[in-house]
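Undergrad: Numbering of the sequence shown is given in the working numbering, commencing with residue 3 and proceeding in unit increments.
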Amino acid sequence: MNFTTIIEPFRIKSVEAVKFTHREDRERALHEAGYNVFRLHAEDVLIDLLTDSGTGAMSSAQWGALMQGDESYAGSRSFYRFQDVVRDLTGFAHIIPTHQGRAAERILFHTTLHAGQIVPNNNHFDTTRANIEVEEAEAIDLVIPEGRVPAALHPFKGNMDLGALEHLLAERGDRVPLVMVTVTNNSGGGQPVSLENLRGVRALCDRYRKPLFLDACRFAENAYFIKQREPGQATRTPKAIAQEMFALADGCTMSAKKDGLANIGGFLAMNDPAWAEACRNLLILTEGFPTYGGLAGYDLEAIARGLEEVVEEPYLRYRIRSTAYLGEKLMAADVPIIKPPGGHAIYIDARALLPHIPPQQYPGIALVNALYVEAGVRGVEIGTVMFGLHPDGSETPAAMDLVRLAIPRRVYTQSHIDYVAEAVIAVAAMRDRLPGYRIVEAPKVLRHFTARFEPLR
Ligand SMILES: Cc1ncc(COP(=O)(O)O)c(C=O)c1O
3 MNFTTIIEPF
13 RIKSVEAVKF
23 THREDRERAL
33 HEAGYNVFRL
43 HAEDVLIDLL
53 TDSGTGAMSS
63 AQWGALMQGD
73 ESYAGSRSFY
83 RFQDVVRDLT
93 GFAHIIPTHQ
103 GRAAERILFH
113 TTLHAGQIVP
123 NNNHFDTTRA
133 NIEVEEAEAI
143 DLVIPEGRVP
153 AALHPFKGNM
163 DLGALEHLLA
173 ERGDRVPLVM
183 VTVTNNSGGG
193 QPVSLENLRG
203 VRALCDRYRK
213 PLFLDACRFA
223 ENAYFIKQRE
233 PGQATRTPKA
243 IAQEMFALAD
253 GCTMSAKKDG
263 LANIGGFLAM
273 NDPAWAEACR
283 NLLILTEGFP
293 TYGGLAGYDL
303 EAIARGLEEV
313 VEEPYLRYRI
323 RSTAYLGEKL
333 MAADVPIIKP
343 PGGHAIYIDA
353 RALLPHIPPQ
363 QYPGIALVNA
373 LYVEAGVRGV
383 EIGTVMFGLH
393 PDGSETPAAM
403 DLVRLAIPRR
413 VYTQSHIDYV
423 AEAVIAVAAM
433 RDRLPGYRIV
443 EAPKVLRHFT
453 ARFEPLR
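(1) With a threshold of 7 Å on Cβ separation, who are the neighbours of W277 within its own chain once the five nearest residues in sequence on each side are excluded?
(2) Could you tell me if the beta carbon of Q102 falls within a distance shorter than 7 Å of some heavy atom in ligand 1?
(3) Take the Cβ of E1 as the centre, count every other Cβ of all protein chains shown within 10 Å, and call the residue buried at 16 or more, exposed below.
(4) Where do the ends of the alpha helix (DSSP H) carrying H126 lie?
(5) So the candidates are G344, T129, L328; which of them puts its Cα closest to the Cα of Y226?
(6) The beta strand (DSSP E) with F269 in it runs from where to where?
(7) Quick one: measure Cβ to Cβ for L285 and A251, integer angstroms, because I've assumed they're closer than 8 Å.
(8) Can the beta-carbon of T130 be found less than 8 Å from the beta-carbon of D50?
(9) Does the beta-carbon of E303 have 16 or more other beta-carbons within 10 angstroms, so that it is buried, or is it exposed?
(10) Using 8 Å for Cβ pairs, my map puts G460 next to Y364. What's the rounded Cβ distance?
(11) Where does G329 sit, in a helix, a strand or coil, going by DSSP?
(12) Counting pairs of beta carbons, one from the segment 148-166 and one from the segment 332-344, are three or more of them closer than 8 Å?
(13) For D301, verify whether its CB is less than 7 Å away from any heavy atom of ligand 1.
(14) Do you know how far the Cα of G308 is from the Cα of H43?
(15) Return helix, strand or coil for L42, following the three-state DSSP convention.
(16) Is G268 near ligand 1 - that is, is its Cβ less than 7 Å away from at least one heavy atom of it?
(17) Less than 7 Å between the CB of N188 and some heavy atom of ligand 1, yes or no?
(18) Take the Cβ of Q416 as the centre, count every other Cβ of all protein chains shown within 10 Å, and call the residue buried at 16 or more, exposed below.
(19) With distances taken between CB atoms, is the gap from Y327 to I419 smaller than 8 Å?
(20) Under the criterion of a Cβ to heavy atom distance below 7 Å, does F127 qualify as lining ligand 1?
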């Protein structure tokens, strides 16, 4: 018999209570938080879809592995286990643990970039962009045109625009020290990149002699989309596909808080021995000795086990399906979302949902705040607040104003997701009453984390 219900590929051994609050409590909490949900106390949130980063549930095998952690300062057994797993997966020669993804980015870019240089990517994530701009270099997004249109359907909307990349390399290649591709493309809707596209980027990198780095945070979700959607890939394992993705690159940055299924950690990996040595020297300065890189031995164990679990097919089938499930409910209610649903999150097109709020009155913030006040659900703005501010202090509308509902791995059940869908549909029904916002105070870099807002009445 062939049953069609896709079930959670786990049973629950330990639970954590969520707190139910009243609307007035949430209004007060949001006001005190400067209308920025990053500033809320997490226990005042009922269902937390702020991020899928570091918020997943570890397996009993991972918790067990913690006890195997070897906390030796140098050369710990846990490092070698971690290195073996990462090397088996990526094939890269040099594996450098870091405390999370952005530490890998900072070390890579501080080592390889000079002022005035350019790093192309399909879409840079906010920390990637910030770590490039802090070196006074330029971060350029070259995703295919379909990747910029929320309603456009394309199986690999995260693909790099190969024509645009070639143009950049031909015209200004002397200023490009490396090319990056983000899999899946978080800022562009969690959309995958095809193997064919990665091969195309590789060919251009070979022609112009540029190293290719993956921003590999969600490599396993990307590999599963390839298996599902790319001709000729259906019978391969997600791990084999992931290995081919990595084999097309010269290195990667990785946040193990996503597809490492761990609550903290990351790594930088590469083949070039000279760059690796320079990166390790900086690592020692800011993160720690190269065999722990700011992590405990037990973290290295949890990541090693997580990287093995994340490529298991039942897990990925459930993971991708549960995100699509939320997307389908919202689409059925005509809530505009990025289509097709991505791997780790649903992205609501707040600009389309709230046409009465111009981008510089932050429709994404308006929708995020209403979702919290009405339902206790926390999402995040990915739009003009996150990407609209330029290094010279000017602000322009971001390419899109989105609200991301990121789904933590193995944390919420189907009824939680049913509740989220009901909440979004209810807030969409009161869209005309939602106000825009203005910024009251904000830092100059990564302002979305700490800015304070005020509703425009
Ligand atoms: C695509 C992408 N790159 C890099 C990062 C940075 O990773 P971390 O939060 O571990 O510093 C993230 C985190 O959300 C991400 O989604």
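Ideal Cβ positions, reconstructed from N, Cα and C, are used throughout, including at glycine.
TA: So, from the data block:
(1) Excluding positions up to five away in sequence, the list reads T113, T114.
(2) Correct: Q102 has its Cβ closer than 7 Å to ligand 1.
(3) The question about residue 1 has no answer, for the chain in this structure spans 3 to 459.
(4) Neither: H126 is in no alpha helix (DSSP H) and is coded neither H nor E.
(5) Looking from the CA of Y226, the closest CA among G344, T129, L328 belongs to G344.
(6) Its beta strand (DSSP E) spans residues 268-272.
(7) Contact flag wrong, Cβ pair sits at about 20 Å.
(8) Contact flag unset, no.
(9) A residue is called buried once 16 or more other Cβ atoms fall within 10 Å of its Cβ, and E303 is buried on that count.
(10) The shown model of the chain, from 3 to 459, leaves out residue 460, and the question about it has no answer.
(11) Three-state result, G329: helix.
(12) Below 8 Å, enough C-beta pairs join the segment 148-166 and the segment 332-344 to call them touching: three or more.
(13) No, since every heavy atom of ligand 1 falls outside the 7 Å radius drawn around the Cβ of D301.
(14) Separation of H43 and G308 (C-alpha to C-alpha, rounded to the nearest whole angstrom) is 28 Å.
(15) Under the three-state reduction of DSSP output, L42 falls in the coil class, being neither helix nor strand.
(16) In this structure, ligand 1 has a non-hydrogen atom nearer than 7 Å to the beta-carbon of G268.
(17) Within the cutoff, so yes.
(18) Exposed: under 16 other Cβ atoms inside 10 Å.
(19) Taking C-beta atoms as the reference points, Y327 and I419 count as a pair closer than 8 Å.
(20) Ligand 1 approaches F127 closely enough that one of its heavy atoms is under 7 Å from the residue's Cβ.
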